[in-house]
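One structure is given below, encoded as structure tokens.
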Amino acid sequence: MIPQINHAPGLSPQVLSYIETLQQQGFSGDIATDYGARLSMSVDNSIYQSLPEAIIFPRSVADVAMISRISAEKDYQSLTLTARGGGTGTNGQSLNQGIIVDLSRHMNRILEINTDEGWVRVEAGVVKDQLNQWLKPYGFFFAPELSTSNRATIGGMINTDASGQGSLVYGKTSDHVLGLRVILADGEMLDTRPVPVALAEQIAAEQTREGEIYQQVLKSCRDNRQLILDKFPRLNRFMTGYDLRHVLSDDLQTFDLTRILCGSEGTLAFITEARLNITPIPKVRQLVNIKYDSFDSALRNAPFLVQAQALSVETVDSTVLNLAREDIVWHSVKELITDVPGEQMLGLNLVEFAGNDRELAAKQVSDLCQRLDQLMQAREAGIIGYQCCTRLDEVERIYAMRKKAVGLLGNAKGHAKPIPFVEDTAVPPEQLADYITDFRALLDSHGLSYGMFGHVDAGVLHVRPALDMCDPQQELLMKRLSDQVAALTASYGGLLWGEHGKGYRGAYTEDFFGAELFRELRRIKRAFDRQNRLNPGKICTPLDSPAVLKPIESPTRGSFDRQIPVTVREDWRGAMECNGNGLCFNFDVNSPMCPSMKITRNRLHSPKGRATLTREWLRLLAEQGVDPRQLEQTLPQNTLSLRSFISKLKNTRQAARGEYDFSHEVKEAMAGCLGCKACSSQCPIKIDVPSFRSRFLQLYHSRYLRPVSDHLVAAVESYTPLMARAPRLFNFFLTNPQLQAFSRKYIGMADLPALSSPTLKQQLAGHQALQTSPDDLRHLSLAERQQYVLVVQDPFTSYYEARLVSDFISLISKLGFKPVLVPFTPNGKAQHVKGFLQRFAGTARKSAGVLNELAALGIPMVGTDPALVLCYRDEYRQVLGDARGDFSVLLAHEWLNQVTAGRAEQQPVGEAWYLFPHCTENTALPQSGSHWKSIFSRFGAKLETVNAGCCGMAGTYGHETRNLDNSLGIYQLSWQPHMQQRARHRCLATGYSCRSQVKRIEGEAVRHPLQALLEMVS
146 MIPQINHAPG
156 LSPQVLSYIE
166 TLQQQGFSGD
176 IATDYGARLS
186 MSVDNSIYQS
196 LPEAIIFPRS
206 VADVAMISRI
216 SAEKDYQSLT
226 LTARGGGTGT
236 NGQSLNQGII
246 VDLSRHMNRI
256 LEINTDEGWV
266 RVEAGVVKDQ
276 LNQWLKPYGF
286 FFAPELSTSN
296 RATIGGMINT
306 DASGQGSLVY
316 GKTSDHVLGL
326 RVILADGEML
336 DTRPVPVALA
346 EQIAAEQTRE
356 GEIYQQVLKS
366 CRDNRQLILD
376 KFPRLNRFMT
386 GYDLRHVLSD
396 DLQTFDLTRI
406 LCGSEGTLAF
416 ITEARLNITP
426 IPKVRQLVNI
436 KYDSFDSALR
446 NAPFLVQAQA
456 LSVETVDSTV
466 LNLAREDIVW
476 HSVKELITDV
486 PGEQMLGLNL
496 VEFAGNDREL
506 AAKQVSDLCQ
516 RLDQLMQARE
526 AGIIGYQCCT
536 RLDEVERIYA
546 MRKKAVGLLG
556 NAKGHAKPIP
566 FVEDTAVPPE
576 QLADYITDFR
586 ALLDSHGLSY
596 GMFGHVDAGV
606 LHVRPALDMC
616 DPQQELLMKR
626 LSDQVAALTA
636 SYGGLLWGEH
646 GKGYRGAYTE
656 DFFGAELFRE
666 LRRIKRAFDR
676 QNRLNPGKIC
686 TPLDSPAVLK
696 PIESPTRGSF
706 DRQIPVTVRE
716 DWRGAMECNG
726 NGLCFNFDVN
736 SPMCPSMKIT
746 RNRLHSPKGR
756 ATLTREWLRL
766 LAEQGVDPRQ
776 LEQTLPQNTL
786 SLRSFISKLK
796 NTRQAARGEY
806 DFSHEVKEAM
816 AGCLGCKACS
826 SQCPIKIDVP
836 SFRSRFLQLY
846 HSRYLRPVSD
856 HLVAAVESYT
866 PLMARAPRLF
876 NFFLTNPQLQ
886 AFSRKYIGMA
896 DLPALSSPTL
906 KQQLAGHQAL
916 QTSPDDLRHL
926 SLAERQQYVL
936 VVQDPFTSYY
946 EARLVSDFIS
956 LISKLGFKPV
966 LVPFTPNGKA
976 QHVKGFLQRF
986 AGTARKSAGV
996 LNELAALGIP
1006 MVGTDPALVL
1016 CYRDEYRQVL
1026 GDARGDFSVL
1036 LAHEWLNQVT
1046 AGRAEQQPVG
1056 EAWYLFPHCT
1066 ENTALPQSGS
1076 HWKSIFSRFG
1086 AKLETVNAGC
1096 CGMAGTYGHE
1106 TRNLDNSLGI
1116 YQLSWQPHMQ
1126 QRARHRCLAT
1136 GYSCRSQVKR
1146 IEGEAVRHPL
1156 QALLEMVS
């Protein structure tokens, strides 16, 4: 039995008192103090881990002011506050041990736009892609680009002065910030904007907090002007922490306090709102993908490409390219980056041209291509080929792959993983190739592998050396490498921080800028935050303060993970290898990952959050000397003794009375998972939450009783065939309002579907598909068997949607084949979902045995429901290994795509059809939509795939009372807007659960694409 984990770091009385005071004074946001929530905020996209004392989620500027004002009171002045946005920082910028103030959950409103003057006003929690999606109808976009744009917040971008692709033209975030609304450490509000120096001097003379700040910043920047110009490198990308260089305009006539706050990483004030300038969307975007025989060739060719007046030049090395080839993202770009016959592509440059003049852009591309042809003919510059992307969707697909490159590096095989700590160095672009040669020599001297990509036009290189941070010696090597890279970068006139902020690397600031300017940074910190309470330990400490900066060797995730035995880490890879990239925080409701995160906006309910809690659960088990693998092996085989039941009952009652067990927090996070498995393919690291969730649930329920609903769900394939013998009788009970109310309250299940009446057997009465058994086919020749198709049943379509199976059999017949309905054999998917893994293994073995026997006939086996068919491929492989055999059950589109391949595609006639794909199918088989499109085209019909994310049903998730509100909410976020825009009778869905959700909410069902095809051939 899994032990109780009843120890977790508590909260200090001071923190509890502070929170109570906040609530008493009308704080309107959320507050989280449980261990799980704090753990979810203890990591970001860096190697570090720091457990905060509490998390506060303000809803308004007034809430933020209250947070600061109360914390400045005498009783709470030792508390520290750290702002957090999307948590995408690669250097621990938003990690700290005090109170985290998360502005991303609620403060994400777009407040105002002025298209005539070209600006927009937003709250700090607005995500960059969210803003650009909102701006698009106006013809504008917010220009600074970055790879984490679908989850990075504007506040975070400002605090790190973020930039990325296209910065030579578009600049950094600070170049687009017109003004800020900030809250100071004492709760006072301050609005910033560019003002004449004379006005700045007047403000500085006032006896106010604003005057004190203006006075210090004005003095630091003006008195040290020449030193600032001499010390700050003239690079397109540079991070200083506090941008002394640009506070004063070049003519010294304008003063802008905003520039001090851009890049300050929350150490000076809370940024709550920003007024941003916006850029007209270019009408033309074209991309040239240039392939090289080496990464060095790609780097050395970059200056020539910059001279071609490109918007940007991005580079990717072979390590990243090879990882991309193994990821789901490659299917979207493989025809745009084809291999060169007889050559090995070891480097790639992406050269973009953009603007409003189509002819000019076309000429720029043509001129570049001509020059590339000349170089290739002369066998110069290492160029082995190139391809042009002239359509916007092609350009966007390439950049989607490039953006995912950061996360893909974390999916390298082995214990050592490419990690961020020296990954955004910046040097003069003309010296980049030589610099990288030295950089590579340094890494090679330590015997390290690494991946490289970056913005060669700006001299910024992203390098991630592969280290095993669970190894104490390699953790020490990280610090030594940091020192060596800092020295190397300085020798080339560059900076250690070209793009991703300082965070735990702030200790190198004085080395680059000197003691005199570092002292000015400290004076500015003192003016804003004398008591060092805002994100302490980052960038600098207040002058005259005894506080110190956080060292680069601060506690890392590896220092915690190494406490878990290596065998357990390897066995629970899905949870252990999450690298924090946070792609699961994607704001886009049409993205399939992660629906529970999207509806709750709670990072606990994300693959990253669930992985973080599972890692800690494994660590705490290790502390008690417990090996979860041994526990799994000693679990009773599908039996429950009276003694075990009494023990579980006792433990469950104690839990109901509030007895703490950290396992309950992990269970709560797991309970919110829909099991859609989008994470298993969409996540760069392939974090498969449903797999380790099932293992956790199995162990958790070795100590605690299961709810009745779990047993009902797991047994659905046992009792449903029996109920289907009398569907009208059971439907009477299933649809009875009183029994439905009872089910909701006492069983925990809602809106259960009605059984099919007439049944599948009644619908197929007299049909050859029912009268022929697979055994009847054994005496036929192989050629004769090819006329047949074996239809593999699942419990949902066969018993709750029998018309679909009947229609599929009719379609098979009309296509000239002979369908045979295989007798129903349980699949076990529901058992796996609920963590009945021993029962699932038994079901899988039995089902695999049946299907392997059928496979010996050499007849195609086809199923209709994606979740169940894909279970044969994935979960069966996990639980059975080689014992699964080599049987193959096809999905309907896979079989149809094969048997209709000889048909020519026809000019579509009539109204279009709209396909809403099942989320598991859409992510595991990304080409399924294009296959359905081709199939429909062969029958003279147009099919459009609707990118609508998750429907919110996900098997039985949407039927469970505890999930009902979230299930309906997910549908409203994703599918409902798309459904309302289209004629319902033209909408199609491949998933049974999806069709059930539509019927439940919209009152009328949508059909499967098979049924639309049957209509066409009838």
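Just so you know, we're using our numbering here: the sequence shown kicks off at 146 and counts up by one. Every residue gets a Cβ at the ideal spot worked out from N, C-alpha and C, and that includes glycine.
Counted as a single uninterrupted DSSP element, the alpha helix (DSSP H) harbouring M521 occupies residues R503 to Q522. Per the C-alpha coordinates, the member of F658, E644, S627 and R668 positioned closest to G638 is F658. By the CB criterion at 9 Å, N434 and I528 fall outside the cutoff. Sequence-distant Cβ neighbours of Y221 in its own chain, meaning closer than 6 Å and more than five residues away, are Y163. Around the beta carbon of T686, 16 or more other beta carbons sit within 10 angstroms, so the residue counts as buried.
For S888, the closest of A914, L857 and L982 by C-alpha to C-alpha distance is L857. Sorting I832, E862, E813 and L867 by C-alpha distance to the C-alpha of L842 places E813 at the top.
In the three-state scheme derived from DSSP, where H, G and I count as helix and E and B as strand, H607 is classed as strand. Proximity to G311 across P882, R470, T424 and E351 peaks at T424, based on C-alpha coordinates. By the criterion of a C-beta distance shorter than 6 Å, Y1017 is surrounded in its chain by V1034, once the five residues flanking it on both sides are discounted. Judged by their CB atoms, A419 and H645 are not nearer to each other than the 9 Å cut-off.
CA-CA distance, D175 to I201, rounds to 6 Å. The beta carbon of E539 sits closer than 8 Å to those of L432 and L481, all from its chain and outside the five residues before and after it, given in chain order.
For V601, the three-state secondary structure derived from DSSP is coil.
The secondary-structure analysis by DSSP pairs L374 with nothing; it has no beta-bridge partner. The beta carbon of E1056 is closer than 7 Å to those of R1131 in its chain, skipping five residues each way along the sequence. If you draw a 10 Å sphere on the C-beta of N501, you find fewer than 16 other C-beta atoms in it, and that means exposed. In the DSSP assignment, S457 falls within the unbroken beta strand (DSSP E) covering S457 to D462. With respect to L402, I373 sits apart: the two C-beta atoms are not nearer than 9 Å.
Residue environment: E1149 is assigned as exposed (fewer than 16 neighbouring CB atoms within 10 Å of its CB, all protein chains considered). Taking a C-beta distance under 9 Å as the contact criterion, A975 and G1100 qualify as a contact pair. Between the segment 196–211 and the segment 724–736, the count of Cβ pairs shorter than 8 Å is below three; the stretches do not touch.
Residue pairing of P964 in beta bridges, as defined by DSSP: V934.
If only uninterrupted alpha helix (DSSP H) runs of at least 4 residues are considered, those enclosed by the segment 946–1017 are 947–959, 974–978 and 982–1000.
Inter-segment contact for the segment 977–984 and the segment 922–938 is absent: fewer than three beta-carbon pairs are separated by less than 8 Å.
In the DSSP annotation of this structure, the continuous segment of the alpha helix (DSSP H) that includes F807 starts and ends at F807 to A816. Here L593 is near P610, since their CB atoms are less than 9 Å apart. Leaving aside the five residues that flank G719 on each side, the residues in its chain whose CB is nearer than 6 Å to its CB run, in chain order, I832, D833, S836 and F837. Looking at R923, P1005 and A1134, the one whose alpha-carbon comes closest to that of H1063 is A1134.
For the beta strand (DSSP E) assignment, the uninterrupted runs of no fewer than 3 residues enclosed by the segment 313–397 are, from N- to C-terminal side, 322–328, 334–337 and 339–341. Annotation: S943 to N747 spans about 37 Å, alpha carbon to alpha carbon. Taking C-beta separations shorter than 6 Å and ignoring five residues to either side along the sequence, R367 has no partners in its chain. Relative to the Cα of L413, the nearest Cα in the group T225, P700 and F440 belongs to T225. The beta carbon of G356 is closer than 6 Å to those of I348 and A349 in its chain, skipping five residues each way along the sequence.
Taking all protein chains in view, the Cβ of A1001 is surrounded by fewer than 16 other Cβ atoms within 10 Å, so the residue is classified as exposed. Residue state for N434 is assigned as strand, using DSSP reduced to three classes.
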